[in-house]
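Here the structure comes first, spelled out in structure tokens, and everything after it is commentary.
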Amino acid sequence: MAAKGAEHWKKVVKEQIQKSHVLVYSKTTCPFCKRVKKLFDVQQVASQVIELDEVENGDEIKKALEDISKQKTVPNIFLNGAHIGGCDNVLATFTKGLLSDMLLMGTQERDQFTKGHSYDYDLIVIGGGSGGLACAKEAASLGAQVCCLDFVKPSPLGTQWGLGGTCVNVGCIPKKLMHQAALLGDYMNDAPFFGWNVDTKTGEKSEAHDWKKMVSNIQSHISSLNWSYRTDLRSAGIKYINGLAEFIDPHAIKYKAKNGTESIISGARIVVAVGGRPRYLDIPGAKEYAITSDDIFSLQEPPGRTLVIGASYVALECAGFLSKMGFMTFCMVRSILLRGFDQQMANYIGDNMIKKRINFLHSCVPTKIRLVKDSPREYAVEYSNTASKKTGEITVNTVLIATGREPDTKLLGLDKAGVEMTKSGHIPTVYEQTNVPHIYAIGDVQKGKMELTPLAIQAGKLLSRRLFGGSKDYCNYLDVPTTVFTPMEYGTIGLSEEDAEEIFGKERIEVYHTSFKPLEYTVPQRQDDDGYMKLVVDKENGERVLGLHVASPNAGEITQGYAVAMRLGAKKKDFDSTIGIHPTCSETFTTLRVTKSSGEDSSAGNC
């Protein structure tokens, strides 16, 4: 067989370039390639990577690529068919705050929607969570005929809930309310120092706290939200169907109602917004005896002595509020805490939790859960220590698995619609659009996107405005703020310190930081509750702030405001010239002076 010539490989490369939104030609050994790939990864940029030293015919592709781009080095980056350049070009674009604009070059919906279609609906939204509801209501407000399908499969424990998705029913809302319940316990302990005659010595806190009453009141609030969502859909003229959906072809959906009857509807456009569910461990007894975040917020009996398995933000948040309510709490972690977050901050939060008497079992992996006693319930969890190679066992009343979540796409029949999925069940998208032009995905099912309710809501609204309102606005997935609601809250925007150093090089990064004592903790003499904050800056770009991190009371409230500044490309001097509100924890960001490179003591002085 004759060898394929240069023109053949040029054609191959041109096809690769034209069919990819973001394309990175790379080599696995290239440090500059690693920087670009890391930047795209942490900034949620969906990119295709071709490793020239691993792909078949890599040398021929590299030569053709050089002829086309006139660039001999890697990484060699293309965006919507346009040549962007190499590592320096991308990093410069990012530090100037222009990456989101660059990513939008040439982006457009291409689903060829026409108002005269013959389908039942202009839009079918599969999933009644925050993102799906926002998308459906926005589309309806723009004149679209919309159907919203939603169905909650019971957890192994049998827990179900109403319209509104994870956040409202088994996520953000009940989690924040239980976090608040835990904080109130701390405030009660502080109250006597401020002159309040509060009796906190009437017994163990777990006895003083009424778990059932708290759960009942939280669930009542959630039920009111479920009802308001139903009425919102009705008022918007949206057809709501409580049925389990499954694709039967690219435009048709079969759904099964609660009574078992099946029906078929069709849509010109379809949005997949089914969210995710907790991942169970593949060990004996996990589904029979353990609960997850799907169950904890409606648990009718106090959990008692609890083992939380996992190091995710869900695991640490649950361990935090359970411990502060007075329940003996253990947290079993395999490796690092809060993977994907700044590791100095993650360890700071972990150390703070240890000071609050949360017991960590590090380097441990559960191997079996078995029932020891039925009433009161008692379970034995067998585990192995990966560091010492020893085995152990712990006996608890509740086992809570929080080792991560997975997209709820397995039963959707996406293959029948031709929609591509990863092995994990996530859906690759380019600005919410899948490989099937009229099918979109938003929220937790998207590959490589942060699993955050406000992000799904924003993406859903903007998608509907583009599809039915002629808008050109896209969801910006860069520098998204988030907060971990542990006992000492942790808020963050942008790059972690280690990611910034990996992307830009350690010599280019400076960190301004300080520890501080929140004023409200001074009078009650909380000795082990210091806060900490830092700004990660780029020294070569006027000290532009690449990452903001704070461990503090009300860190979520602090972080939200600074997210606007970060979005606008704030530099360290902008923080310095801002007048702080005194006395607050947040004002400390306006007075940061100590750098890590100086080696000076970072403790903040008194007022």
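Note that UniProt numbering has the sequence shown beginning at 1, numbered continuously upward.
C-beta: ideal position from N, C-alpha, C; glycine also.
Whole-angstrom distance between Glu7 and Lys19, CA atom to CA atom: 19 Å
For Arg339, the three-state DSSP class (helix, strand or coil): coil
Rounded C-alpha distance that separates Arg339 from Asn347: 11 Å
CB of Asn226 within 9 Å of CB of Gly162, strictly: yes
Exposure label - Pro192; buried when at least 16 CB within 10 Å: exposed
Rounded straight-line distance, which links the Cα of Thr588 to that of Gln527: 19 Å
Where the beta strand (DSSP E) through Ser384 begins and ends: Glu378 to Asn385
Cβ shell of Leu519 (< 6 Å), same chain only, five flanking positions each side left out: Pro583
Bounding residues of the beta strand (DSSP E) (the contiguous stretch that carries Asp538): Gly531 to Asp538
Whole-Å CB distance - Phe297 paired with Val170, under 8 Å assumed: 6 Å
Three-pair Cβ contact test at 8 Å for the region 273-284 versus the region 401-413: yes
Same chain, Cβ closer than 7 Å to Gly131, neighbours up to 5 away in sequence not counted: Ala273, Ile442, Gly443, Ala456, Ile457, Ala459 and Gly460
Terminal residues of the beta strand (DSSP E) in which Ile309 lies: Thr306 to Ile309
Buried or exposed (CB count within 10 angstroms, at least 16 for buried), Tyr512: buried
Cβ-based neighbour list, Cys364, same chain, cut-off 8 Å, excluding 5 preceding and 5 following: Met332, Val333, Arg334, Tyr383, Ser384, Asn385, Thr386 and Gly392
Start-to-end residues for the alpha helix (DSSP H) that takes in Leu123: From DSSP, Leu123 is part of no alpha helix (DSSP H) but of the beta strand (DSSP E) over Tyr121 to Ile126.
Anticipated Cβ contact below 8 Å, Ala563 with Pro481, distance rounded: 4 Å
Tyr512 - DSSP class collapsed to helix/strand/coil: strand
Cβ contact check for the region 232-246 and the region 134-144: 3 or more pairs under 8 Å: yes
Neighbourhood of Asp473 by C-beta distance below 8 Å, restricted to the same chain and skipping five residues each side: Leu462, Arg465 and Arg466
Other residues of its chain near Lys287: CB distance less than 7 Å, five sequence neighbours each side excluded: Pro156 and Tyr280
Chain-order list of residues whose beta-carbon lies under 6 Å from that of Thr595 (same chain, five-residue window excluded): Glu510 and Tyr512
Contact belief for Ala268 with Phe113 at Cβ below 8 Å, rounded distance in angstroms: 6 Å
heavy atom of the ligand ADP below 8 Å from Leu455 C-beta: For the ligand ADP, the structure offers nothing, since it holds no ligand at all.
Coarse secondary structure for Asp576, derived from DSSP in three states: helix
Span of the alpha helix (DSSP H), counted from its first residue to its last, around Glu501: Glu497 to Phe504
N- and C-terminal bounds of the alpha helix (DSSP H) containing Thr559: Ala555 to Arg567
Beta-carbon separation (whole angstroms), Arg508 vs Asp538, contact threshold 8 Å: 6 Å
Val396 versus Ala311: straight-line alpha-carbon distance, rounded: 18 Å
Whole-angstrom distance between Leu99 and Thr93, CA atom to CA atom: 5 Å
Where His179 sits in the DSSP three-state scheme: helix
Alpha-carbon spacing of Lys27 relative to Val550, whole angstroms: 36 Å
6 Å CB neighbourhood of Val545 in its chain, flanking five on each side removed: Leu535, Val537 and Ala570
Bridge partners - Gly171, DSSP secondary structure assignment: Per DSSP, none; premise fails for Gly171.
Ser220 - containing alpha helix (DSSP H), residue span: Trp211 to Ser235
Cutoff 7 Å; reference Ile17; Cβ partners in own chain excluding five residues on either side: Leu23, Phe78 and Gly81
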